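Novice: Mind looking over this structure? Questions follow.
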Amino acid sequence: MKRRIIVCAAACLWVQTSNASILFQPGPGNNNPVINSAGDQGVGQPISVTSAAVVTQFGFYLDMFFGGDIKFLIFDSTNTQLLYSSAPEAIGASNSLALVMSPVISFDADAGETYHFGFAADNIFGFGYYFPEEAYSQNGFSYAGGNDVYALYAMPTFERSGNTNVGLEIDGTLTPASVPEPAMLLPLALVFAAGLYRSRRRLMFRKH
């Protein structure tokens with residue numbers, strides 16, 4: 001009986017930690033129309049991390065007016081070392097904002113670090129943004145200043161900073177912490193119940 005309870009708890013723990021969810025989602029922005037930008041450029045957003053996580057996807061609210069290719073990017077805190085770059089993703093022509101997500105990845109975002117999540121496009125684009133800048137945090141991920149502007153689609157390079165926050169979404173799984181979250185209480189309770197059951201059986205055997 002005890003073994004079954006412990007196995008059930010372990011299974012619950014595995015399911016809880018393996019399901020990715022939205023880590024950061026401030027929304028598409030608060031301005032309309034979107035900023036229009038020339039092609040062969042990119043945009044990014046610095047994000048500070050206080051809770052370690054594995055990022056599995058991220059994306060931006062984009063409007064590719066004539067269609068084109070984009071690459072998803074993650075730079076380090078100095079915005080000079082490219083930590084991740086996707087293969088070119090073909091995006092169809094559109095006339096409205098839509099959330100465009102990166103391929104599925106497995107990127108370790110360490111607590112205490114700042115990462116620059118961005119993209120580069122080979123054609124004219126618009127993107128969702130917040131102006132003025134907002135103080136937004138969710139699940140240990142926070143805006144860490146104004147937006148980035150990157151030059152060159154073929155080899156994106158930081159060019160300058162802007163005064164907006166980019167609308168984006170970051171998905172993934174938080175690294176298990178020492179203090180259990182509410183969703184973790186059920187499997188922990190099952191483990192506790194197993195221990196209590198064993199203790200009661202010992203008492204019963206002592207009485208008889």
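With the first letter of the sequence shown counted as 1, position 127 gets the number 127 in this note's numbering; the numbers rise by one all the way through.
We put the beta carbon where it would ideally sit given N, CA and C, even for glycine.
Quick caveat: nothing in here was measured; it's all calculated off a predicted structure.
Report yes if the CB atom of isoleucine 124 is closer than 8 Å to the CB atom of phenylalanine 60, and no otherwise.
Specialist: Cβ atoms of isoleucine 124 and phenylalanine 60: not closer than 8 Å.
Novice: What do you get for alanine 38, buried or exposed, if any count of 16 or more other CB atoms within 10 angstroms of its CB means buried?
Specialist: Classification of alanine 38: exposed, given that the 10 Å Cβ count is below 16.
Novice: Taking 8 Å as the limit between beta carbons, can you name the residues of its chain near alanine 144, skipping five residues before and five after?
Specialist: So the qualifying residues of the chain are Pro46, Ile47, Ser48 and Thr114.
Novice: Please state the DSSP three-state secondary structure of isoleucine 47.
Specialist: Strand.
Novice: Please go through the segment 64–133 and give each complete beta strand (DSSP E) segment of 3 or more residues, from N-terminal end onward.
Specialist: Runs found: 68–75, 82–85, 89–91, 98–101, 107–109, 114–121 and 125–127.
Novice: Between the Cα of isoleucine 35 and the Cα atoms of Thr173, Ser142, Ala109 and Leu97, which residue gives the shortest distance?
Specialist: The candidate whose alpha carbon is nearest that of isoleucine 35 is Leu97.
Novice: For leucine 168, collect the residues of the same chain with a Cβ closer than 7 Å to its Cβ; drop the 5 residues on either side in sequence, then sort them by chain order.
Specialist: Closer than 7 Å at the Cβ level, and outside the excluded window around leucine 168, lie Gln45, Phe58, Gly59, Phe60 and Phe117.
Novice: What are the start and end residues of the beta strand (DSSP E) that includes leucine 23?
Specialist: Where leucine 23 is concerned, the enclosing beta strand (DSSP E) stretches over 21–24.
Novice: Would you check if the distance between the CB atom of tyrosine 153 and the CB atom of aspartate 63 is smaller than 8 Å?
Specialist: Not closer than 8 Å, so no.
Novice: By Cβ distance below 6 Å, which residues in the same chain neighbour threonine 50 in space, the five residues on each side in sequence not counted?
Specialist: Taken in chain order, the residues that qualify are Ala111 and Gly140.
Novice: Can glycine 162 and glycine 146 be called in contact, C-beta distance under 8 Å?
Specialist: In contact: glycine 162 and glycine 146 (Cβ atoms closer than 8 Å).
Novice: Quick one: is valine 166 buried, meaning 16 or more other Cβ sit within 10 Å of its Cβ, or exposed?
Specialist: With 16 or more Cβ atoms within 10 Å of its Cβ, valine 166 is classed as buried.
Novice: Taking Cβ positions, are proline 156 and alanine 120 nearer each other than 8 Å?
Specialist: Yes, the Cβ-Cβ distance between proline 156 and alanine 120 is below 8 Å.
Novice: Looking at the strands, I want to know which residues DSSP matches up with alanine 146.
Specialist: Contrary to the premise, residue 146 reads as glycine rather than alanine in this sequence. DSSP output for glycine 146 lists no bridge partner at all.
Novice: Should alanine 87 be flagged as near chain B, meaning a C-beta pair shorter than 8 Å?
Specialist: Checking the listed chains, one finds no chain B in this structure; it contains a single protein chain.
Novice: Excluding the five sequence neighbours on either side, which residues of its own chain have a C-beta within less than 7 Å of the C-beta of arginine 160, listed in chain order?
Specialist: Counting only Cβ-Cβ distances below 7 Å, and skipping sequence neighbours, we find Val149.
Novice: Could you check how far apart the C-beta atoms of phenylalanine 127 and valine 43 are, in whole angstroms? I think they sit under 8 Å.
Specialist: Between valine 43 and phenylalanine 127 the Cβ distance is about 6 Å, and since that is below 8 Å, they are a contact.
Novice: Kindly indicate which three-state DSSP category valine 179 falls into: helix, strand or coil?
Specialist: Only weak support is given to the placement of valine 179: the predicted model assigns it a pLDDT of 37, under 50, and the question is left unresolved by the model.
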